[in-house]
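Residue numbers (this note's numbering): 38 to 275.
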């Protein structure tokens with residue numbers, strides 16, 4: 038991603054289910070910095086929309102840098118390793134530019150990803166093989182979809198021209214990462230998180246199977262037949 042954002046893997050997207058404790062070696066990158074709690078209110082010079090966007094982008098960048106390094110070590114396929122290298126490089130660049138912008142504006146940025154992103158990181162730490170690749174790609178898709186929404190909102194309703202310009206440069210990177218993640222997922226047969234896979238997905242649940250409908254119809258027919266018999270008996274008695 039050439040400066041991307043997501044993940045809501047929120048997620049969260051991507052999409053992006055996950056509280057597996059990490060080992061001591063990985064504890065530091067995912068620990069929440071107390072300063073993060075106040076990072077949403079930089080200085081009075083910036084509007085809330087602008088500071089919120091900068092906070093969200095910083096969290097996305099930090100998450101992508103951490104899981105990108107993890108994917109380079111653990112990914113089972115070349116497609117995922119390639120995507121990880123792309124997003125890692127782009128988010129490192131995006132974070133560097135964001136830190137320069139924050140310094141100019143006197144804004145405070147968070148020093149770690151948000152809780153949901155950390156949860157995805159812990160899940161990836163405990164995953165391996167095909168499960169790692171699936172989880173990573175689903176998180177990339179969900180996360181970049183969310184990042185694109187946040188970035189478009191800043192472009193449309195931000196107040197600071199410099200922050201909006203950053204968003205305008207950032208959006209193509211986010212969309213590129215999203216497109217590449219979707220392409221990798223398609224190549225590996227990975228369905229986006231929440232999609233119906235034919236084995237209990239929400240679409241299937243919303244439409245009962247034909248066999249189930251047949252049982253319902255049969256039950257109604259039996260009840261109707263019993264009602265007719267009772268009615269005839271009552272008529273004879275009268």
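Positions of the beta carbon are idealized from the N, C-alpha and C atoms, including for glycine.
Fair warning: this is a prediction, and the values are worked out from it, not measured in the lab.
Option in the options with minimal Cα separation from residue i
i, options, result
"residue 109", "144, 175, 126, 180", "126"
"residue 192", "199, 205, 181", "205"
"residue 94", "203, 220, 213", "203"
"residue 26", "219, 91, 122", "Beyond the ends of the chain as shown, which are 38 and 275, falls residue 26; an answer cannot be given."
"residue 90", "194, 105, 148", "194"
"residue 134", "118, 163, 98", "98"
Short Cβ contact (8 angstroms threshold) for residue i with residue j
i, j, result
"residue 201", "residue 151", "no"
"residue 146", "residue 136", "yes"
"residue 223", "residue 165", "no"
"residue 161", "residue 185", "no"
"residue 230", "residue 167", "no"
"residue 103", "residue 158", "yes"
"residue 142", "residue 83", "yes"
"residue 131", "residue 88", "no"
"residue 170", "residue 114", "yes"
"residue 182", "residue 100", "no"
"residue 174", "residue 227", "yes"
"residue 225", "residue 86", "no"
"residue 105", "residue 124", "yes"
"residue 138", "residue 217", "no"
As assigned by DSSP and simplified to three states, the class of residue i
i, result
"residue 80", "Any reading at residue 80 must be qualified, since the residue scores a pLDDT of 46, below 50, and its modelled position is unreliable; the value itself is stated next. It is coil, neither helix nor strand."
"residue 174", "helix"
"residue 195", "coil"
"residue 148", "coil"
"residue 165", "coil"
"residue 46", "For residue 46, the predicted structure reports a pLDDT of 40, less than 50, and the residue's modelled location is therefore unreliable. A value from the coordinates is still provided. Three-state result, residue 46: coil."
"residue 184", "helix"
"residue 190", "helix"
"residue 179", "helix"
"residue 153", "helix"
"residue 56", "Only weak support exists for where residue 56 lies, its pLDDT of 36 falling under 50; the coordinates are left without a value."
"residue 228", "coil"
Element boundaries [alpha helix (DSSP H), containing residue i]
i, result
"residue 215", "198-225"
"residue 119", "115-142"
"residue 99", "85-111"
Near the ligand FAD: residue i beta-carbon under 7 angstroms from a heavy atom
i, result
"residue 169", "With respect to small molecules bound, the structure shown includes none, and the ligand FAD cannot be examined in it."
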